[in-house]
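Worksheet for the structure shown next.
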Amino acid sequence: KSIEINCQSTDVINLVYDGNITVSNATADGIYCNGSLTIGGSNGILTFAYTGEDYMYSGLTTMQSLTINSGDINIESSSSHSEFHASAVYARGGFIITGTANVTSTATGDKAHGLYTEWGNSEISTTGTLTVNATGNGYALYIGNSYFLTISNGTINLSNEERMVMTEKQNQ
C-alpha cells in the first residue's frame, strides 16, 4: 500500500509517527502529498519505499515543500530511467532537514538521485545526520533551477563518488 494525500497545493500536512512503520509500493509513490509535508516522530523508524522501476514514482514525493524535523526516516527507491530524473525523494518546492532529524535517502536506479528538488531553496540544519546515497549516473543531492542549499548544522554523508551534488542553473 501507499499513502496518497490529494490536498490543496497551499495545504500543509503534518505527519507524526510513533514506532516502526514501513510503507512500500511497487506501483506508486511510497507517500505522495500535493501540498507541503512536515514529518516528525520518535520511538522507531519510519520507512517509505518505492520498489518498482518507473521513474515517475519515488519513495517520497511532495509537490510543494518537505520538512523533516525529528525522528529516524528512511526513504528508498529503485526507480530508473535513461533520460529523465528518477529519485528516492522528490521535494518539488525545496526541503528542510532540521531539529533532531536523522534521514537516510537511497536511490539504487541507474540514473536516480537520492534527494531531488527543483523549485525552492533548501536547508540542512539538523543536530542529527543526513545520509544520501545514489548510484550510477544520479546525484546524491540535486538542486535545480538556480535555487540555494544552506547548510548550517548536522552531519552530512553523501555517496556516489564524483556525483555528490548537482546545482543546475536555469537558462534565462
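Under my numbering, the first residue of the sequence shown carries the number 33, and numbering increases by one thereafter. The beta-carbon is built from N, C-alpha and C at its ideal position, and this holds for glycine as well.
Buried versus exposed call for residue i [16 or more other C-beta atoms within 10 Å across all chains shown]
i: VAL164; result: buried
i: GLN204; result: Because GLN204 sits at a pLDDT of 42, beneath the cut-off of 50, its placement in the model cannot be relied upon, and the following sentence gives the value as read from the coordinates. Exposed, since its Cβ has fewer than 16 Cβ neighbours within 10 Å.
i: THR187; result: exposed
i: ILE183; result: exposed
i: VAL197; result: exposed
i: LYS143; result: buried
i: GLN202; result: Confidence in GLN202 is poor, its pLDDT being 49 and thus under 50, which makes the residue's placement too unreliable to answer from.
Opposing strand residues paired with residue i [DSSP bridges]
i: THR161; result: THR187
i: GLU36; result: TYR64
i: ASN149; result: The sequence given here places Thr at residue 149; Asn does not occur at that position. For THR149, which the question treats as bridged, DSSP gives the partners ILE175.
i: ASP50; result: SER74
i: ASN57; result: TYR82
i: THR199; result: ILE175
Supposed contact pair residue j and residue i - C-beta distance, whole angstroms, cut 8 Å
i: SER111; j: TYR89; result: 6 Å
i: PHE93; j: ASP61; result: Note that residue 93 corresponds to Thr in the displayed sequence, not to Phe. With 8 Å as the limit, THR93 and ASP61 qualify as a contact, their Cβ atoms being about 4 Å apart.
i: GLY67; j: VAL44; result: 6 Å
i: ARG216; j: TRP151; result: Only positions 33 to 204 of the chain appear in this structure, which leaves residue 216 out of reach.
Any 3 or more C-beta pairs closer than 8 Å across the stretch 82-98 and the stretch 117-130:
yes
contact_flag[the stretch 131-151, the stretch 106-113] where n(CB pairs < 8 Å) is 3 or more
yes
Identify every run of the beta strand (DSSP E) within the stretch 67-146, keeping only runs that are complete inside it and at least 3 residues long; order them along the chain.
68-74, 77-82, 92-94, 98-100, 104-109, 118-123, 127-131 and 134-139
Tell me, please, whether the stretch 37-54 touches the stretch 76-83 by the rule of three or more beta-carbon pairs shorter than 8 Å.
yes
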